[in-house]
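What follows is one structure encoded as structure tokens, with my remarks underneath.
Protein chains: 2
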Amino acid sequence: MTMTKINFLNSSEKDFNLKLSQLLKISSQDDNSIEKIVTSILLDIQTIGDKALLQYTNKFDRISIKNASELEIPKSKWKEALDSISREQKKSLEIAAERIQEYHNHQISRTWEYTEKDGTILGQKITPIDKVGLYVPGGKAAYPSSVLMNAIPAKVAGVSELIMVSPTPDGYMNPLVLAAAFMSKVDRIFTIGGAQAVGALAYGTNTIPKVDKIVGPGNAYVAYAKKKVFGTVGIDMVAGPSEILIICDGKTPAEWIAMDLFSQAEHDELAQSILLSPDANFIKQVEESIKKLLPKMPRSDIITKSLYNRGALILVKDLEEACIIANTIAPEHLEISTENPDELLKFINNAGAIFMGKYTSESLGDYCAGPNHVLPTSQTSRFSSPLGVYDFQKRSSLIKISQQGAINLGKVASELALGEGLQAHAASAQYRVNGKISW
Amino acid sequence: MTMTKINFLNSSEKDFNLKLSQLLKISSQDDNSIEKIVTSILLDIQTIGDKALLQYTNKFDRISIKNASELEIPKSKWKEALDSISREQKKSLEIAAERIQEYHNHQISRTWEYTEKDGTILGQKITPIDKVGLYVPGGKAAYPSSVLMNAIPAKVAGVSELIMVSPTPDGYMNPLVLAAAFMSKVDRIFTIGGAQAVGALAYGTNTIPKVDKIVGPGNAYVAYAKKKVFGTVGIDMVAGPSEILIICDGKTPAEWIAMDLFSQAEHDELAQSILLSPDANFIKQVEESIKKLLPKMPRSDIITKSLYNRGALILVKDLEEACIIANTIAPEHLEISTENPDELLKFINNAGAIFMGKYTSESLGDYCAGPNHVLPTSQTSRFSSPLGVYDFQKRSSLIKISQQGAINLGKVASELALGEGLQAHAASAQYRVNGKISW
């Protein structure tokens, strides 16, 4: 049932915390039928490989491919797609790609080491993940920006083989998606989707290379399949509905704030848009702007459902209290739309991305500011981070003990190992102290 | 069935790859009964909190506590434990703690930002995770080194509340564990374990604080409970059996290498110890050393089962081929026990920790070299890293667009948003360009 207006909460009311936690709650999507279907698809891919992949692809995407080799799109077609889009689109994609690249260059971790007095060397070696699979949803919800945001950090990290998969329902592939893949230096593209694509990337088939990690958004089947293959391969995260939290001092035009709330709500009926402001009058203005602008929006149906069922306008005591509430909500996107956002930044601990000042709409960050738009949802910014170059690099500890170091450390390790009842550990250390076992 | 001797493989044989992949395979532990028990324990904790926690704790640990407040061990008891251990043990723990702290200080990430020509500021803010739960197994397998390895990086990261849980079967708590907790600045300790402890940390009860992330090793119940609460809280990793892979040029004493293989095998019957060497004669010496040393080992039963069922001695063409094989195995621990380990390091991509040179036994790294001993197992070093300070920090993107920046970027974002059919995104950007919507 859709409510008839947006929720209004007041942080001074007694039951505020309860109401807030109810607002944030999402009914969990443990769907048994999805689990069953995905489990059986994954098993088929694992056992009969390409044969199952072809069957599922033809069935779910309503196409009829005979040979698995036809599943790959040759690079010449990507280039054609790039040449087919408008000059403005191409230019915009190029600017976005450049800025994303520039930002992510700052995230590269490098190997480090240090030498101790006795010559012992300790450090950490950083290497890129070798092969990565990138899932890109097909059909209408095909987002070229998603290709850039996932592929560019992988390539900045040095991933040697970036395999993109994207289904072509009824044979359709969005040329903007192919153009974005060409621009962001994806290595190969296969027209497969759903749990069957995730399985093919995780286990490998004759046609699809087995990868080390799978990233990218997808529907409930893709999400469950990713969870299921986790361990065999790495995965990025399993994203929930998108969220925006706006802290506003009332100095940003109300219409801008209303539209920022819309921009999250238009994604999905389950998306969540919340405003925190200490200015009751401003909140009223935003509510009026919502009413005025809503009918003009092409996606007003989705926006209405999202905003009225899951959105809220919240009156807070002051901006500092707003920050405390923001840390509890731990939003995916946080706009600090105030005159002096820097003053508030120090109070913010939990947020995927922080958009500061009235000119920084979330939509600028979604496409082209530079930072990644793949962000932790559902309060997970309490413990996780935006997708980044660090998700495509891994670390190995480096330990090179000198002869003197082994004498010093061997005694310590031996003492602790015997305390834990692990005598082979102790003996192995003792051999390095004086060549013999002494327990 | 235990084999009667250790496996021998030769990389030049035709079916080597098949044999190797069979050796690495572990029968998956999807145990339905564990799943059912854990699911019901977690539900009880979620619904009746402390009451369920007390019931399960009393039952599984064979104790009889009446009030949940008795589950907390006051700090005075930790101090008593520290004073009760031997001077050598205390000194060894102190040296280990200091070295672990020193190494992990190198892993701290710091907030960064850069300013563009038009005044736009981009960056990333680094913050510690607020509350972390640390699981420490109880009873016989209580490892103080595990406390140091998990607690110190959390505290280096700046975690404000580090809650340790450890069961006390029959009321027993290892004083070394309490001493290590005191030394590594854990904040609170509760005597709970199993799935009920994981649930209490994930959901919170009246007595146990709800945390943001849970780390630390545990049995199959703990591992499954961690998987199950993932999303509600972060988790570190779900570790498989421990592994060592040794590359040796034949210049390290054979007994040392045999003992290094033992030191992994003594953990667990499923632990895996493998040697790669191009020197057939040396492999024979190692095999003889194994036979000679095995009867002397207090844990010879476990070592024998592990070594004969899951271990292997592998003859390779040369050291470079050994590195290629090592990358496929992607071991948790890799010893490069050669005269010039640096020459081989450049070939190694996948390994949790790399121990270089004959003096660097894995056991030194397990306890006191400095790097973490919590490492990716079961070939997951292809895509994951040792536990580190970075596991207790998280990032938030920082975006502060200037007025001029919003004009430049607004056009790009608007173009791309309209291409994706997201008009509110476009409008939100356009407002920042010239204050009005233009589609």
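Quick note, the sequences are listed as chains A and B, same order. Mapping the first sequence onto my numbering, position 51 (from 1) lands on 51, and the numbers just tick up by one. Mapping the second sequence onto my numbering, position 268 (from 1) lands on 707, and the numbers just tick up by one. C-beta atoms are modelled at their ideal positions from N, C-alpha and C, and glycine is treated no differently. Keep in mind the model is a prediction, meaning the values are calculated, not measured.
Count the other CB atoms within 10 Å of the CB of residue i; is the residue buried (16 or more) or exposed (fewer)?
i                : result
Lys251 (chain A) : exposed
Tyr553 (chain B) : exposed
Ser702 (chain B) : buried
Gly435 (chain A) : exposed
Gln842 (chain B) : exposed
Ser84 (chain A)  : exposed
Trp439 (chain A) : exposed
Leu8 (chain A)   : Just to set this straight, residue 8 (chain A) is Phe in the shown sequence, not Leu. The residue in question, Phe8 (chain A), is exposed, as its Cβ has fewer than 16 Cβ neighbours within 10 Å.
Pro734 (chain B) : exposed
Arg382 (chain A) : buried
Asp187 (chain A) : buried
Asn67 (chain A)  : exposed
Gln22 (chain A)  : exposed
Asn720 (chain B) : exposed
Ser585 (chain B) : buried
Ser184 (chain A) : buried
Trp256 (chain A) : buried
Leu315 (chain A) : buried
Thr816 (chain B) : buried
Trp112 (chain A) : exposed
Glu452 (chain B) : exposed
Ser515 (chain B) : exposed
For residue i, which of the options has the nearest alpha-carbon?
i                : options                                : result
Lys59 (chain A)  : A:Leu93, A:Asn10, A:Gly171             : A:Gly171
Pro253 (chain A) : A:Ile283, A:Arg299, A:Gln404           : A:Ile283
Ala424 (chain B) : B:Asn446, B:Lys624, B:Pro825, B:Leu861 : Nothing in the structure corresponds to residue 424 (chain B), since chain B is present only between 440 and 878.
Ser86 (chain A)  : A:Asn10, A:Ser76, A:Leu176             : A:Leu176
His26 (chain A)  : A:Gly419, A:Ile126, A:Gly311, A:Lys317 : First, the residue type needs correcting, since residue 26 (chain A) is Ile and not His in the sequence shown. Comparing Cα positions, the closest option is A:Gly311.
Thr943 (chain B) : B:Gln485, B:Met622, B:Asn471, B:Glu859 : Since the displayed chain B opens at 440 and closes at 878, residue 943 (chain B) lies outside it and no answer follows.
Leu334 (chain A) : A:Asp31, A:Gly218, A:Leu261, A:Gln22   : A:Leu261
Ile713 (chain B) : B:Asn720, B:Leu733, B:Cys687, B:Ile547 : B:Cys687
Tyr367 (chain A) : B:Val851, B:Ser605, B:Asp454, B:Glu759 : B:Val851
Glu527 (chain B) : A:Ala427, A:Gly419, A:Gln423           : A:Gly419
Gly49 (chain A)  : A:Asn206, A:Pro217, A:Glu321           : A:Asn206
Asp440 (chain A) : A:Lys226, A:Val222, A:Asn219, A:Val147 : Since the displayed chain A opens at 1 and closes at 439, residue 440 (chain A) lies outside it and no answer follows.
Met429 (chain A) : B:Glu801, B:Glu555, B:Ile647           : A quick correction: the sequence has Ala, not Met, at residue 429 (chain A). Here the closest residue by C-alpha is B:Glu801.
Ile547 (chain B) : B:Asp781, B:Arg834, B:Ala863, B:Lys667 : B:Arg834
Asp718 (chain B) : B:Arg738, B:Ser776, B:Asn766, B:Glu708 : B:Ser776
Met356 (chain A) : A:Asn349, A:Glu339, A:Phe347           : A:Glu339
Lys125 (chain A) : B:Ser508, B:Ala866, B:Ser823           : B:Ser823
Arg432 (chain A) : A:Gly410, A:Ala424, A:Ala200, A:His425 : A:Gly410
Leu122 (chain A) : B:Trp551, B:Pro680, B:Thr550, B:Asn544 : B:Asn544
Gly218 (chain A) : A:Gln285, A:Leu307, A:Gly193           : A:Gly193
Lys5 (chain A)   : A:Pro137, A:Val156, A:Tyr143, A:Val286 : A:Val286
Leu715 (chain B) : B:Lys514, B:Ile683, B:Ile568           : B:Ile683
Lys530 (chain B) : A:His425, A:Leu416, A:Leu422           : A:Leu416
Roughly how far, in whole angstroms, is the beta-carbon of residue i from the beta-carbon of residue j, given that I think they are within contact range, below 8 Å?
i                : j                : result
Ile399 (chain A) : Pro810 (chain B) : 6 Å
Leu617 (chain B) : Ile401 (chain A) : The Cβ separation is near 30 Å, so there is no contact.
Ala330 (chain A) : Gln379 (chain A) : 4 Å
Thr168 (chain A) : Gly405 (chain A) : Contact doesn't hold; Cβ gap of about 59 Å is too wide.
Phe190 (chain A) : Val165 (chain A) : 5 Å
Ala659 (chain B) : Asp470 (chain B) : 7 Å
Gln635 (chain B) : Leu521 (chain B) : That belief does not hold up - the Cβ atoms of Gln635 (chain B) and Leu521 (chain B) are roughly 28 Å apart, past 8 Å.
Ser450 (chain B) : Ile764 (chain B) : 7 Å
Ile235 (chain A) : Glu269 (chain A) : Contact flag wrong, Cβ pair sits at about 25 Å.
Gly388 (chain A) : Pro153 (chain A) : 6 Å
Listed from N- to C-terminal order along the chain, which residues in the stretch 418 to 431 of chain A have their beta-carbon within a distance smaller than 7 Å of any beta-carbon of chain B? Sequence-ordered contacts of the stretch 418 to 431 of chain A with chain B read Gly419, Glu420, Leu422, Gln423, Ala424, His425, Ala427, Ser428, Ala429, Tyr431 [C-beta pairs closer than 7 Å].
When Cβ atoms are compared, which residues of the stretch 669 to 699 of chain B fall closer than 8 Å to chain A? Look at the stretch 669 to 699 of chain B: the residues with a C-beta under 8 Å from a C-beta of chain A are Gly670, Val672, Gly673, Val677, Pro692, Glu694, Trp695, Met698, Asp699.
Which residues of the stretch 34 to 64 of chain A have a Cβ closer than 8 Å to any Cβ of chain B? Give them in chain order. Of all residues in the stretch 34 to 64 of chain A, none is placed with a Cβ closer than 8 Å to any Cβ belonging to chain B.
Pull out every residue of the stretch 170 to 199 of chain A whose Cβ sits closer than 8 Å to any Cβ of chain C, in chain order. Chain labels in this structure do not include chain C; the protein chains are A and B.
Can you check the stretch 66 to 122 of chain A for any beta strand (DSSP E) of at least 3 residues that lies completely inside it and give the ranges in chain order? Unbroken beta strand (DSSP E) stretches of 3 residues or longer found wholly inside the stretch 66 to 122 of chain A: 112 to 115, given in chain order.
So within the stretch 719 to 763 of chain B, which uninterrupted beta strand (DSSP E) runs reach at least 3 residues, ignoring any that extend past its ends? Taking only runs of at least 3 residues, the beta strand (DSSP E) segments lying wholly in the stretch 719 to 763 of chain B are 751 to 754.
If you measure beta-carbon to beta-carbon, which residues of the stretch 795 to 808 of chain B are closer than 9 Å to chain A? Correct list: Met795, Gly796, Lys797, Tyr798, Thr799, Ser800, Glu801, Ser802, Leu803, Gly804, Asp805, Tyr806, Cys807, Ala808.
Using a Cβ cut-off of 9 Å, which residues of the stretch 591 to 603 of chain B contact any Cβ in chain A, in chain order? Within the stretch 591 to 603 of chain B, not one residue has a Cβ closer than 9 Å to any Cβ of chain A.
Could you run through the stretch 205 to 232 of chain A and flag, in chain order, every residue whose CB is less than 8 Å away from some CB of chain B? Contact residues of the stretch 205 to 232 of chain A toward chain B are Asp212, Lys213, Gly231 (C-beta to C-beta distance below 8 Å).
Against chain B: residues of the stretch 294 to 324 of chain A by CB proximity under 9 Å: Taking 9 Å as the cut-off between beta carbons, the residues of the stretch 294 to 324 of chain A near chain B are Lys296, Met297, Pro298, Arg299, Ile303, in sequence order.
Run through the stretch 138 to 226 of chain A for me and flag every whole alpha helix (DSSP H) of 4 or more residues, listed as ranges in chain order. Runs of the alpha helix (DSSP H) inside the stretch 138 to 226 of chain A: 144 to 157, 175 to 183, 194 to 203.
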